[in-house]
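Here the structure comes first, spelled out in structure tokens, and everything after it is commentary.
Residue numbers (the UniProt record's numbering): 1 to 111.
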């Protein structure tokens with residue numbers, strides 16, 4: 001099974017990830033190697049090599065395959081506003097709507 005860096009990264013972030021994957025994830029966070037190096041088979045670090053042992057093939061790889069087979073969540077798309085970005089919006093910041101309520105009306109009749 002070919003491993004991708006994305007699958008390794010996603011699987012390592014699961015709360016129930018196997019210990020050998022978590023140890024490799026810690027080494028990635030410490031900068032000892034990258035998931036891309038592991039996926040390409042270009043890493044000789046013991047934690048990276050532990051992902052390719054016969055035991056890992058039996059215990060870890062089914063977990064990685066399960067993660068790989070899960071549908072990826074698409075980023076949430078926000079609806080586009082009607083009118084588009086070129087439409088000029090009215091600026092209401094200079095209007096005072098409560099003004100006529102706060103000022104008593106002037107008497108217009110002859111006293």
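In this text, a Cβ means the ideal position worked out from N, Cα and C, and glycines have one as well.
Of all the options the options, which has the alpha carbon lying nearest to the alpha carbon of residue i?
i, options, result
"residue 45", "6, 24, 65, 61", "24"
"residue 27", "16, 43, 15, 70", "43"
"residue 53", "4, 14, 21, 13", "21"
"residue 34", "72, 71, 8", "8"
Where residue i and residue j are concerned, what is the direct C-alpha to C-alpha distance, given to the nearest angstrom?
i, j, result
"residue 69", "residue 49", "23 Å"
"residue 51", "residue 57", "8 Å"
"residue 6", "residue 15", "17 Å"
"residue 10", "residue 66", "11 Å"
"residue 4", "residue 17", "16 Å"
"residue 32", "residue 19", "18 Å"
Which stretch, first to last residue, makes up the alpha helix (DSSP H) that contains residue i?
i, result
"residue 72", "No alpha helix (DSSP H) contains residue 72, which DSSP labels as neither H nor E."
"residue 120", "Given a span of 1 to 111 for the chain in the structure shown, any question on residue 120 remains unanswerable."
"residue 39", "35 to 40"
"residue 148", "Since the first residue shown for the chain is 1 and the last is 111, residue 148 is missing from the structure and cannot be characterised."
"residue 25", "19 to 29"
"residue 55", "54 to 59"
Exercise. Touch check for the stretch 27 to 42 and the stretch 53 to 64: three-plus C-beta pairs under 8 Å?
Worked result: Taking 8 Å as the limit for Cβ pairs, the verdict is that the stretch 53 to 64 does not touch the stretch 27 to 42.
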